[in-house]
Structures are given as C-alpha cells and as structure tokens.
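> Below is the structure I would like to discuss, written out as structure tokens.
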Amino acid sequence: MDATRIALVGAHGHGRWHLRNLREPAAAGRADLVAVCDLVPVQDDLLDGLGPTPPRQGADLGALLRQTRPEITIIATPIPTHVDLALTALAAGSHVLLEKPTAATLAEYRRLVEGVDASGLACQIGFQSLGSTAVETTRRLIAEGAMGRVTGIGAAGAWSRDAAYYSRARWAGRRRIDGVDVVDGVLTNPLAHAVATALAVDGSEGEDDVRDIELELFHANPIESDDTSALRLTTARGTTLTVTATLCADRRHEPYVLVHGERGRITLWYTLDQVRLDLGDGSSTTYSGGRTDLLENLIGHVRAGEELLVPPRRTGAFTRVLEAVRTAPDPLPIPQRYVRTVPAEDGTERRELDGAAELAACGADRLALLSELGVPWARRDQGTDPDRRGDGVVTLTVGERPVADYVTAWPAHLPARLSPRPFWHPVRTLAGTAVTEFMPVDHLHHLGASLAVPDVAGQNFWGGRTFVAGAGPTELANHGTQRHLAFTRLDDAGFTEELAWHGADGAVLLTERRTVRARPVEADGVAAWALDLAVELAVAGERPVRIGSPATNGRPGAGYGGFFWRLPGTSTDIAVRVPGGEGEAAAHGSHADWVAVCGTTATGAGWTVAFAAADPRTAADAWFVRAREYPGVGSSLAWAEPVEVGPDDPLRRRHTVVVADGRCAPETAAALVAAAADAAAREARSSGREER
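Okay, so the sequence shown: first residue is 4 according to the working numbering, each after it adds one.
See the structure below:
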C-alpha cells in the first residue's frame, strides 16, 4: 500500500504536535507529508524523516493542494479559520483531520456539516479522547447495569497555565477579535475534552441531544475568556451533566468523568485511558486500555473503510455548548484577593486559586455549579459586581484596605468530614500578601484561620479523622458544624457574631459569641495591622460539656484544638520565633508571650504573622506550632487535660494576631504585639468598657 499523502495547515503551536505524531506512520511507510501551509516557514530539520522528499511549503492553501494533491489535510489553525480551511481542502478532493473545537459558532458548524455531506469525503474532528477504549468500556459498563441506573454525570478538570500560554498567539484567551468570534475559553478549548467525553459517555453527542444549558464563567487571568467555569446541562435522555474546569490550579491534575449510579460510580480518566468501577459494597475494579490515533483511524477509513471515530455530527452537542458560551455574558473577573500570583518556570507568572482542584472535584461529585458550592467569588446573577459583599462574606478593612475575608456561610462543597465552620480566608498583609491557606492538599480540613476543636463531647469540630484510644486516627461519622446565626454588630473594622455548634446529629452543644476587631498598628517603623478575637462559649443545655484533644484521648503531643491559623505552605524559608528562642521545638507546647512566624512567598514577598494571648487565662493555654510538616499556629484549649464548659461557667478566650509585611526581627515582632495590646486597651478605655 502506498503511503497516504498528507498536508499540514498550521505547523506552529499545536501543529508541532502533529509533526511529531506523523513520525511513526511516516517511518512505517504509511504517511508522506507532502505539503505544509503556514504564514511562517518551518525549519527543514523539523521536517526530516516525514517523507521521502521535503514537503512543499507555502501560505496559499488552495495552490498547495493543487500542486501536491494530498489525500488528507490536517488543519491546526486558530478556531475562526477552521471551517473555511476545511471546506477549501474538501473542495480540492482532500479528506480532513480538523483540530477541535469544530467551529467557532453553531452556524459555522452547520456550514461544515453541509459541506462534508456534499463532498462525499471524510472529516475527522480532533477530540483525541474519543478514540480511547476507556470511553467504550465506560459505555459498556453503563449498558450492562454494572452500577444500576445512571443518576448523573460530572466532569472535573484542573490544569495550570502561565502567562506565556495566553501570550503565545493573538487569539489566545480571546472571545472575539475585530468582531470575529474566537471563543478560546477553558470549556471550549484546553479542557473541551472533558465536555466532549462526558457527552460521549452518555451517548448524547448530536446537536439535538442537549437542552437546558446553564453556565457560570469567570477568569482570574487578565483575559477576555473564561479560565474557571462551570457547566450544567440536561441531555435529551434526561441525564444531568456537569463540568467544572479551571486553568488556575497549582499544577496539572488528571481530568476525569464521574458517572453516578444507584449502586456505585464509574471514574474515567480520559487522558490515562483508565476506568474504575466502585460499588457501594466497597468493591473496586480497574480497567486499563489504549486509544486509537485519530490520524491512523482516518487513514484506515480512507484506505480500508474503517469506521470513522469522530465525524462532525458526533461533535454537535459539544458545539451547542460552545454556542452557549459564545452567546453568554462576558465572564466575570475573580477579585484578586482570591487569586495567588506565583512565578512560572519560564520566567513569567501564573494565577492560582486556592483549592481549585478540590473545587472541580466537588462540582463533579455534587453535580453542582460554582455558585451552589458556596464559592465567595461566584454569583448566581452574572450581571452583579463580583466585588460586592454579601452571600455570607464579610470583608475587614484597615485604612480602607481590605485585609481579610470572613466567610460565615460555609461553602456547600465542604463535605461533612471537614467540619464546616466560619473561617478567615484570605487574610492579607497591608501590601496584599496572603498569609492564610484554604483546604491545602496535606490537610483539607485546614480552612484558613478558624476556631477548630477535635473533641467537643465526642464530636469532631476540627475535621478529618478522630483519634480513638487503642485504634488511632479513625474515620467516624461524628463531624460537627459551626453555624452563623446573626451579627449583633457589624462594620468595616469588625463585628460581634452569634453562632451555634451543632453535633453530627444536629443537636446544639454550644452557643458562641465571637467578637472581632481589625486595627492598624505600628512599631519600629513597621506599619502592620492586628486582628483581635474574643470568644465566649456557653453550653446550650443544662449539663457540662467536655472539650478534649487527641492528647487527652491518648496521643502524646497532639493537644491541638482552639483558635488555629493555617499559614501558606507555598512560602519558603519558614522561621518560627519566640522570646529568647526559635524553631518549632522552642515554640510547640510552650507558654511563650508570643509566637512569630516569618515566610517568603514564591514571588519574593516577605511576611510575618505574630500570635499572642490577650488575657491571662488565654496565656495559660499552650501553643500548638507546626513548621516542618506544614506551617500553622494554634492556641490549645486542652493541651494535656480536658476542660469543661459548665452552665454557669462559660469558656472565654482572647487572642491577638499581628500581620506585617516583610520578615520582622524578633524585637520588632515583640514591639508590634505590644503596640497591638496598647491599642486595644486604649480603645476599651475610650469606649468606657472592657471587651470580653
């Protein structure tokens, strides 16, 4: 069999992948690259070995096709050019491999379908995941009823893209250029396979197989299109299908499709060609497969009549989604207080969202939109200002600078095992450096800064596993929640809040009054700000409530539980200091007057956070400090012995935290703590009362 003559249109960018992909069939004598069409010529060394003679190059596709007569033309050009170039190739008698997405508009997609039908030739769309045997394995398991009736399909994609990704081409990250639709967003291009694969799993790929499309589109990068978005649709067969996708994760996470069933779940990792069936009885079966290369499939179709894997009509449902994205309101910017900027390996930078991968996973797990996951920056009304406060988020300001967000309506994507509770995140220095971390991979239940206690009458208000004497850390269904009831005082500088602590069965164990104040402080020429926190816990009934810790339950040294602050683990050069000493060993378990932690962000910004007890009773609590495993500081309510909250004896604690830019020397940290205490005392005297 003679080698299949092939032309490539667009040899730079993703076209380079096609050049590499051509090497194997060319070496085997199945393919011969005869033409390369691009505005910029390709270097000869990149074309060596792709045919017996160097391909002809030029910028005029029609002329090249007439001169070289390829059987197949590969098109890897900007999205708005897809249809015109494909129709040009078809008119020249060439079959087409067209990169995804098929077209920039639904109208253009229909024009292509009509052109393909009229030509009698083949057009393959480059959704490589649809060539995976894992897709067919998943569809077979569904058809066999392996997990019962399908109750929904979710997909999750969390990748990382740096600034160079958006500067690589004029159309990158754009919705339109000079009035021409581009639609280069996370759902329609980089993670388009998540959408297409989920639709394929349901068998809903035709244009008429989709209805009731809902979209929430956002961007953290300075681009027009979406880089973090959620999609929910209903297929014609009645399946609810969601996709949550972001390009703002800390790293690449393998995307997947999650099929929910009455008796279990199927997880399809489409980039790995792997499927896992998990049943409710705890059994699990993994299936590994491969994939058919779409160019090889097209060659087989042209030469031997093999079934074409991805004809245009198989992308009709996806194009309906693209059309909904195209005609939706412009994506909303995510406020920068929720965005972390870090250096990229190529010397540029990238934008990250805290917990981005977990957020995508929760969307797939709950079949929910971003707004339904309680994300502070996500709004149901896409026309509202994303910076407005509300929806359970209070912003504390110092000198008109926002320094901390306090989230009272804990996000719905927090599973019960994380002990949902109000939390501070992000907390920032006056210069805007974030000094909290939310749901880090090492401890998902670390929620910025919060009041977290692992044992309240046997209920876990810390999150994660519970330490059980004789058994160790154990997963129990004993996770409590702290619920915001009301603000009795609220202004830009702080609030007084009423809360209820509910056990796993919903019963209220404790009630709480939480008083918070943010104020500026200065010492040794360093301007900073201080967070004052006063807590009063009272029993909800007439019986005392015991508060313990893993240490009081038999795990030595693990006396954590109380006010806890998770510092950013992405920082380097973490240093812990106490009066007269430094290091985790010097601070952990001590009763030091203050504990200061310094760090340096990936962008080189230094920060210091200093913690101090604000009254003698709080000073009697030992410090829980971590620096080697992860950076975090807490004041322990039950370091070695449990404490009891009685009907007539509420538990009261007061804390002061100073947040400063730069890596402060110990004497400066001490001076800032003292200045914060003085400022609080002066305010109390001037108001004629002592804050409890």
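All C-beta atoms, glycine included, are put in the ideal place defined by N, C-alpha and C.
CA-CA distance, Leu399 and Ala474?
The alpha-carbon atoms of Leu399 and Ala474 are separated by roughly 43 Å.
> Suppose you measure from the CA of Pro476 to the CA of Leu25; what does that come to, to the nearest Å?
53 Å
> Taking the alpha-carbon positions, what's the Val305 to Glu111 distance?
25 Å
> In three-state terms, what does DSSP make of Gly393?
Model confidence at Gly393 stands at a pLDDT of 46, short of 50, so the residue's coordinates are unreliable; what they give is reported in the following sentence. Here DSSP, grouped into helix, strand and coil, assigns Gly393 to strand.
> Grab the span of the alpha helix (DSSP H) containing Pro619 for me, first residue to last.
Pro619 to Ala622
> For Glu686 and Ser374, I'd like the C-alpha separation in whole angstroms.
The C-alpha of Ser374 is placed about 39 Å away from the C-alpha of Glu686.
> Please identify the residue among Glu355, Met442, Lys103 and Ala195 whose C-alpha is closest to the C-alpha of Glu361.
Met442
> Mind checking Thr491: buried by the 16 CB within 10 Å criterion, or exposed?
The residue is exposed, with fewer than 16 neighbouring Cβ atoms inside 10 Å.
> Taking the alpha helix (DSSP H) that Phe321 belongs to, which residues open and close that run?
Gly319 to Thr330
> Roughly how many whole angstroms lie between the Cα atoms of Glu217 and Gly308?
39 Å
> Among Arg240, Gly267, Thr154 and Leu297, which residue has its Cα nearest to the Cα of Thr288?
Nearest Cα to Thr288 within the set Arg240, Gly267, Thr154 and Leu297: Gly267.
> Can you find the residues in the same chain that come closer than 7 Å, C-beta to C-beta, to Ala248, ignoring five residues on each side of it along the sequence?
Excluding its 5 nearest sequence neighbours in each direction, Ala248 has C-beta neighbours in its own chain below 7 Å: Gly160, Val189, Leu190, Leu194, Ala197, Ser232 and Ala363, listed in chain order.
> Leaving out the 5 sequence neighbours to the left and right, which residues in its chain are closer than 6 Å to Thr514 when beta-carbon positions are compared?
Contacts found: Ala503, Ala541 and Ala543.
> Taking 8 Å as the threshold (C-beta atoms), are Asp276 and Ala137 in contact?
yes
> Determine whether the Cβ of Ala367 lies closer than 8 Å to any Cβ atom of chain B.
The structure shown has no chain B; it contains just one protein chain.
> Around the Cβ of Arg173, are there at least 16 other Cβ atoms within 10 angstroms (buried) or fewer (exposed)?
exposed
> Is the distance from the Cβ of Arg354 to the Cβ of Thr344 below 8 Å?
It is a contact, given that the beta carbons lie within the stated cut-off.
> Could you compute how far the alpha carbon of Arg391 sits from the alpha carbon of Gln339?
Confidence is the limiting factor: at Arg391 the pLDDT is only 35, short of 50, which leaves the residue's position unreliable and the question unanswerable from this model.
> Report, in whole angstroms, the separation of the C-beta atoms of Val37 and Thr80, which I expect to be a contact under 8 Å.
No, Val37 and Thr80 are not in contact; Cβ-Cβ is about 18 Å, not under 8 Å.
> Helix, strand or coil for Val345, going by three-state DSSP, please let me know.
Correct three-state label for Val345: strand.
> For Gly466, which residues in the same chain have their Cβ closer than 6 Å to its Cβ, ignoring the five residues on either side in sequence?
Leu421, Ser422 and His448
> For the alpha helix (DSSP H) holding His85, just list the boundary residues, first then last.
His85 -> alpha helix (DSSP H) spans His85 to Ala94.
> Going by DSSP in three states, Gly16 sits in which element: helix, strand or coil?
coil
> Let's test the definition: count the other Cβ atoms within 10 Å of the Cβ of Leu650 and tell me whether it reaches 16, buried, or not, exposed.
Looking at the sequence itself, residue 650 is Pro, so the reference to Leu does not match. Answer is exposed; the Cβ neighbour count stays below 16.
> Can you tell me whether Leu236 is buried or exposed? The criterion is at least 16 other CB atoms within 10 Å of its CB, across all chains shown.
buried
> My understanding is that Trp597 touches Pro582, with C-beta atoms under 8 Å, so please give their C-beta distance in whole angstroms.
The Cβ separation is near 7 Å, so the contact holds.
> By Cβ distance, which residues of its chain are closer than 7 Å to Thr56, with the 5 residues on each side in sequence left out?
none
> What's the C-alpha gap between Ala679 and Gly528?
14 Å
> Measure the alpha-carbon distance for Glu525 versus Ala367 and round it to whole angstroms.
The straight-line gap separating the alpha-carbon atoms of Glu525 and Ala367 is approximately 47 Å.
> What is the DSSP secondary structure of Arg685, counted as helix, strand or coil?
Collapsing the DSSP output to three states places Arg685 in a helix.
> Does Gly319 pass the burial test, meaning 16 or more other C-beta atoms within 10 Å, or should it be called exposed?
buried
> Which value, in whole angstroms, describes the spacing of the CA atoms of Tyr70 and Ala10?
Note that residue 70 corresponds to Gln in the displayed sequence, not to Tyr. Taking the straight line joining both Cα atoms gives about 11 Å.
> Hey, out of Leu49, Leu298 and Asp63, whose CA is closest to Cys40's CA?
It is Asp63 whose Cα lies nearest to the Cα of Cys40.
> Who are the Cβ neighbours of His15 in its own chain at under 8 Å, not counting the five residues just before and after it?
Asp41, Val43 and Val45
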